[in-house]
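Remarks on the structure that follows.
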Amino acid sequence: MSDDLNTSSPKLPTLAPPWWMDGETLTKTSEPQEPAMLNKGMQSFWHRVRGWFLWVLSQKDPLTCSIDMLNLLAWERNITRFKVEPLWLYRKRVAYAFINAKEAGSTKGFINIMQRFGLDVVSIKERQEGMDWDRVSIEIDDTEIAPNQALLAELIRSYGRTCRRYDHLSSRLVTNSVAVTEANQDFQTLTIRTISNSELAHFNEAAVAATECNNDYQHLHVGSA
Numbered sequence: 000m001s002d003d004l005n006t007s008s009p010k011l012p013t014l015a016p017p018w019w020m021d022g023e024t025l026t027k028t029s030e031p032q033e034p035a036m037l038n039k040g041m042q043s044f045w046h047r048v049r050g051w052f053l054w055v056l057s058q059k060d061p062l063t064c065s066i067d068m069l070n071l072l073a074w075e076r077n078i079t080r081f082k083v084e085p086l087w088l089y090r091k092r093v094a095y096a097f098i099n100a101k102e103a104g105s106t107k108g109f110i111n112i113m114q115r116f117g118l119d120v121v122s123i124k125e126r127q128e129g130m131d132w133d134r135v136s137i138e139i140d141d142t143e144i145a146p147n148q149a150l151l152a153e154l155i156r157s158y159g160r161t162c163r164r165y166d167h168l169s170s171r172l173v174t175n176s177v178a179v180t181e182a183n184q185d186f187q188t189l190t191i192r193t194i195s196n197s198e199l200a201h202f203n204e205a206a207v208a209a210t211e212c213n214n215d216y217q218h219l220h221v222g223s224a
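In numbering that gives the first Met the number 0, the protein residues as written are 0 to 224.
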């Protein structure tokens with residue numbers, strides 16, 4: 000029985016017989032008395048009845064139900080347990096059957112489906128240049144492909160797009176660190192425009208008319224962290 004269901008369900012009230020029947024007020028000995036034994040027996044009986052009702056409710060949850068009920072729920076939701084599939088994964092596939100079927104068919108939905116089972120998808124590429132239109136490439140971490148081959152195949156079969164061929168692209172994320180050292184850069188731009196003949200008369204010392212030239216100036220300084 001699920002602990003969440005047991006704690007969230009209403010609690011049974013405690014049976015409180017009158018003081019002359021509680022087996023404690025009037026007794027002169029430490030031995031259990033008949034009224035007290037009857038009270039404890041009734042309390043235990045109703046706790047057992049409560050457990051029967053909670054057991055029925057827990058069978059509706061694929062994560063906590065019995066194996067026989069889990070197989071019935073899987074049949075109802077069109078889920079087939081593949082070979083050597085662990086029980087916890089089988090339960091999760093049955094539990095997420097409705098939401099997975101709802102999100103199947105879209106790129107974002109397919110990524111969500113795989114993430115529910117612990118598969119982090121880097122990207123899904125469709126309609127790639129130089130490849131057939133029906134080829135779909137799933138880029139996934141290289142460390143997750145080998146132990147989840149059967150799960151990937153089952154997810155593609157159940158929720159992949161119709162008439163599509165899926166490929167696995169393995170990728171490995173690498174973190175690089177770059178140390179910044181001190182660097183300096185100077186940059187200058189000088190602008191000279193061409194002067195007209197009328198303006199040239201005012202500059203007797205100019206021997207050659209200049210053509211247009213641009214020059215910018217910038218100073219960049221990067222210090223080490």
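We treat Cβ as the ideally placed atom computed from N, Cα and C, and that holds for glycine.
In the displayed model, S136 falls within a strand according to three-state DSSP. In summary, R90 is buried, with 16 or more beta-carbon neighbours lying within 10 Å of its beta-carbon over all protein chains present.
The shortest CA-to-CA distance from T142 to any of Y95, T180, V120, D185 is the one to V120.
Between A103 and I110, the gap from beta carbon to beta carbon reaches 8 angstroms or more. Residue range 86-94 is occupied by the alpha helix (DSSP H) that includes V93. In the structure shown, K10 adopts coil according to DSSP, grouped into three states. With contacts defined as CB atoms closer than 8 angstroms, Y158 and N99 qualify as a contacting pair. A direct Cα-Cα distance of roughly 19 angstroms separates V48 from S65.
In the three-state DSSP reduction, Q114 falls in the helix class (H, G or I). According to the DSSP assignment, S157 belongs to the alpha helix (DSSP H) that extends over 148-158. The region 65-79 makes no contact with the region 132-141, as fewer than three CB pairs between them are under 8 angstroms. Annotation: Q127 to C162 spans about 16 angstroms, alpha carbon to alpha carbon.
Straight across, the Cα-Cα distance linking R156 with T180 is about 53 angstroms. Sequence-distant partners of I123 (beyond 5 residues in either direction) whose C-beta falls short of 6 angstroms from its own C-beta, in its chain, are T106, I137.
Beta-bridge annotation (DSSP): K124 is paired with S136.
Straight across, the Cα-Cα distance linking S176 with R160 is about 40 angstroms. Per DSSP, reduced to three states, the secondary structure at Q58 is coil, with no helix or strand assignment.
The three-state secondary structure of D185, taken from DSSP, is strand. The alpha-carbon separation between Y95 and L86 amounts to approximately 14 angstroms. Bounds of any alpha helix (DSSP H) do not take in I78, whose DSSP letter is neither H nor E.
L69 is a Cβ neighbour of V93, given a cutoff of 8 angstroms. By the 16-neighbour rule on beta-carbons within 10 angstroms, E125 is exposed.
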